[in-house]
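Q: Residue numbers (our numbering), protein chains in the order written: chain H, 8 to 557; chain U, 8 to 557.
Virtual Cβ for every residue (Gly too), placed ideally from N, Cα, C.
Fair warning: this is a prediction, and the values are worked out from it, not measured in the lab.
Have a look at this one.
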């Protein structure tokens, strides 16, 4: 697979540009300057990056373990591993800054090589950042040294094999470095699917999914990745930790659930045994309209609690529905007719939902019938397949669009939370208002939109997208103000600080309010046993985990 | 609620006796002496129990915290808390031995009282055994002192309140001491149910369900208790640990999954927030017959993997089916007709399955149709409602029968495991053979029977019952030989050492093979942080956890 652009998402030939109409719309909504020149990324050779700090001796040790050509110190490798794909990550690199890049990028080829690299790094006091697809949007792969003199990125790209599939048990064991497409492509040769499709699907890896408790677009149906993981193999500085893939067990606290979500701070997940399914013969996606976000959320709640939910269930709030329709507008006759249809039924200015089912055709037909009944009973208006097909086509386009927005001076970022159904409406408004107010206060009036993306019997997730005119030269400060306001609103409003983006560096300051100081101490105790030197991904997950806080 | 019999299960007026026909059958199968006098339990005053060892000073401190009348040192309280309800527990008490009884039984009335009792016990070096319904069958509440000079049982019976219900989110918060019937009775006033019905339902508590990763008879449909728990409040010697009840979160390793299954070794679970459901308007249970265990298991696998499983799904192996029919036999005309029906269809000597659905009538009808289709396609023969109704009537009778068997000189015990579908048949035979061989070798030819009781997409549980003529005077040694042989077969055969009975004392020797030495060390590190003095439930879960191994 070709490497991603070091300064943005994906590969050059998959990049998108904003249609002229959309750009016009954003100009008006976000108060953009009339016709600014596009912001272009710097040239690789102009990016500021420190000299590599690994001694020749340590480099030789590492090369001895994995082979010369799998220890890289070149500019492209280091800068490509200088962080993940969060807005501040990209803002830094697009403004020519990669000062904290790893001293080297090491590509181990096996679990045993990972284990030996960790031994060397612990002995030589080298911090280790496990690196899968590098798609973290929370600073999860930021090369924070935590007081250590040197740091490597441990890139698992070579460990991307299908290690086994059990068709009777519907499980598969995959190398941690397998990307979404690679895993799906192998499984499809067995007629199987993992069914895990986060927006980062094209680049993110199975190990990363497990390490971050990833949720994908179809996780309402297939289950979150933390639910799909049955077994794990993990290399830690203290040795190997293997969790057997039992269907269920009552043998004490779950070590699986300790490693899942550990974000590289306890060790390196090298193999994952996951639940898979028969590859669906049919995918069916449809649109529905609701008169309000509250009406749609209530219909979704009843559907989920009746255990007849669609596999994909998304509900945009009024603002997201309005903006999506405006950006997609072509002014065609069909579109005008559609709007008239909605208006005539009191759905003007309402909310768009996308629901989708996957499986055997008779199964999809049966389940779609149940879902439709529930949604209609809850006030939903069926919009047919067109909105579903349109969503499915563009399901991975978000991060590409973010780059295109950056080109045009627009900050675009997303964040997410989850809460109980009874608290959903309150939290929805509270976080929206916090984002709006924080960006208005900086003189950059934003667009703030939200959708429900994952349903659970007891509650749902809220996924926010916010756009604003960039403060050129203060991109990170501007983002940080909005992010902080939203995070405070989430925690004060009874939401989890993260539903599926994980903690990384960006959410660590809120972890004490999420799990309590004693809860953090328990995690620190586990880390001290598995990673006594503290070399594993310093500054992530646990506030102040490293010898020096970042 | 009246207290249970200190030497057996349940209350006197719910006791059962073996029907004469059943006793005759057991005599023949188990080579019992022709007409031995029934074994009667000893009188309370004859039971050997040590002098209480708590100093007056500590007793006064405890009484000051919870009130005089909630610190009990009387003979009945101490002997009733001298262990759980495992076969060796009952064998010891029925043979007049309660030497290790707690020095006192303390009944706290609130989370804060629990916290203060733990403070006193840590300071005064008193071991603490958290005690819910006392129904552990794995030595989970055995009063092992772990080197401490004194020990209390901390009985949560007073903390049995419904603390709140959220009808929109379908969650409820319950005091840890609420028993199954008490929780269900409260929830039913709100039209809700927890849907958790283990065989210990009548006495076991919500806190115990959480602390042991309990699974109930309907957990295939409602979910295991570890899946129902959303939030927890836990008092530990190091302070309060509270897990918030988010529907889902990606905020790091799961502390919920560390406390669930901790079996009182990390602290005392005082409150549990659980997922509940609308109380079912209809319950429908039916019987099916399969020609063999393998045929039935394959039909169950396909049903579960198609996500159309019944809420209850049990499949007895050939031996369990044979014995159940023999013990229930009345020789009636209906029964003879039934047997002829099975024989005519090649199902003679086959396996009986019970499947059940709960919910709204239209939901039950729709789901039952799907299940029946799958089971018929898999070779199942519908036996109608009679076997289902019969199973439902006697769903909690097992432990009462065990007492009646003891009266008649029969050892009866159960054990369970789980494994993948692809490994199920091999493990089924291996554990069965190990039990058979170990008891045959002692000259007590057993009956060994097994059923699948819980289905998962990747595998299923196996639940064994074994009966044999008691070796009078060596009851515990006899049991221990069979238990050890089965446990070795389970671990060597790729099963989990426990599917839902938990670890306690009895499974602790196999924990290293279940989770690895490093896995145990991580749990010990968490315990050291939360319980630095090591007073919490010594000798359970972790082999060699206490200052001195038991």
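Tell me whether residue 231/U sits in a helix, a strand or coil according to DSSP, three-state version.
A: coil
Q: Which full runs of the alpha helix (DSSP H) of 4+ residues lie inside the region 347-413 of chain H, going along the chain?
A: 368-384 and 392-400
Q: Rounded to the nearest angstrom, what separates residue 44/H and residue 406/H at their Cα positions?
A: 21 Å
Q: Buried or exposed, going by whether 16 or more other CB atoms sit within 10 Å of the CB of residue 423/H?
A: buried
Q: Quick one: Cα of residue 42/H to Cα of residue 409/H, how far?
A: 19 Å
Q: Any residues in the region 255-279 of chain U with a beta carbon nearer than 9 Å to a beta carbon of chain H? Which ones, in chain order?
A: 255, 256, 257, 258, 259, 260, 261, 262, 263, 264, 265, 266, 267, 268, 269, 270, 272 and 273
Q: Find out if the Cβ-Cβ distance for the pair residue 571/H, residue 262/U is shorter than 9 Å.
A: Not covered by the structure: residue 571/H. The range shown for chain H is 8 to 557.
Q: Just list the residues that DSSP pairs residue 253/H with in beta bridges.
A: Partner(s): none; residue 253/H has no beta bridge.
Q: Among the residues of its own chain, which have a CB less than 7 Å from the CB of residue 433/H, if the five just before and after it don't count?
A: 500
Q: Strictly below 7 Å CB to CB, what residues from chain U border residue 318/H?
A: None at all; the shortest Cβ gap to chain U is about 11 Å.
Q: Would you kindly work out how many angstroms separate the C-alpha atoms of residue 102/U and residue 57/U, rounded to a whole number?
A: 16 Å
Q: Just checking: is the beta-carbon of residue 165/U within a distance shorter than 9 Å of some beta-carbon in chain H?
A: no
Q: Are there three or more Cβ pairs, one per stretch, closer than 8 Å when the region 60-69 of chain U is compared with the region 118-134 of chain U?
A: yes
Q: Strictly under 9 Å for the Cβ-Cβ distance: is residue 465/U near chain H by that measure?
A: Answer yes: the Cβ-Cβ gap between residue 465/U and chain H drops below 9 Å somewhere.
Q: From the DSSP output, which residues share a beta bridge with residue 457/H?
A: DSSP output for residue 457/H lists 471/H as bridge partner(s).
Q: Since residue 491/U meets chain H, which of its residues come closer than 9 Å, beta carbon to beta carbon?
A: Residues of chain H with a Cβ closer than 9 Å to the Cβ of residue 491/U do not exist; the shortest Cβ-Cβ separation is about 17 Å.
Q: For residue 340/U, count neighbouring Cβ atoms within 10 angstroms of its own Cβ and tell me buried if that reaches 16, exposed if not.
A: Exposed.
Q: Against chain H, does residue 504/U count as a neighbour if the rule is that its beta carbon must be under 9 Å from one of theirs?
A: Using a CB distance cut-off of 9 Å, residue 504/U counts as an interface residue toward chain H.
Q: Just list the residues that DSSP pairs residue 341/U with in beta bridges.
A: Residue pairing for residue 341/U: DSSP places it in no beta bridge.
Q: Could you tell me whether any Cβ in chain U is nearer than 9 Å to the Cβ of residue 378/H?
A: no
Q: Quick one: grab the DSSP three-state call for residue 210/H.
A: coil
Q: Any idea if residue 353/U is buried or exposed, counting beta-carbon neighbours within 10 angstroms, 16 or more meaning buried?
A: exposed
Q: Once DSSP output is grouped into helix, strand and coil, what is the label at residue 180/U?
A: strand
Q: Can you tell me where the beta strand (DSSP E) holding residue 330/U begins and where it ends?
A: Segment 325-335 is the alpha helix (DSSP H) holding residue 330/U; no beta strand (DSSP E) there.
Q: Below 7 Å CB to CB, which residues in the same chain sit around residue 458/H once its five sequence neighbours on both sides are set aside?
A: So the list reads 321, 322, 323, 324, 327 and 470, once near-sequence residues are dropped.
Q: Decide if residue 219/U is buried, meaning its Cβ has at least 16 other Cβ atoms within 10 Å, or exposed.
A: buried
Q: So, for residue 287/U: in the same chain, excluding its five sequence neighbours on each side, which residues have a beta-carbon less than 6 Å away from its beta-carbon?
A: 365 and 366
Q: What does the Cβ neighbour count give for residue 318/H, buried or exposed, with the cut at 16 atoms within 10 Å?
A: Classification of residue 318/H: buried, given that the 10 Å Cβ count is 16 or more.
Q: Quick check on this structure: which residue in 188/H, 86/H, 83/H and 278/H has the alpha carbon closest to the alpha carbon of residue 171/H?
A: 278/H
Q: Who are the near neighbours of residue 165/U in its chain, counting only those whose CB is closer than 6 Å to its CB and skipping five residues on each side?
A: 114 and 116
Q: Please report the straight-line C-alpha distance between residue 276/H and residue 509/H, rounded to a whole angstrom.
A: 16 Å
Q: I'd like the list of long-range same chain contacts for residue 69/H, defined as Cβ closer than 6 Å, with 5 residues on each side in sequence excluded.
A: 78 and 113
Q: Could you please give me the residues that DSSP links to residue 134/U through a beta bridge?
A: 158/U
Q: Spatial neighbours of residue 309/H within its chain, please: CB distance less than 7 Å, with the 5 preceding and 5 following residues excluded, ordered by chain position.
A: 381 and 385
Q: Would residue 16/U and residue 89/U be called neighbours here (beta carbons separated by less than 9 Å)?
A: no
Q: Go ahead and label residue 480/H buried or exposed: buried means 16 or more other beta carbons lie within 10 angstroms of its beta carbon, across all protein chains shown.
A: exposed
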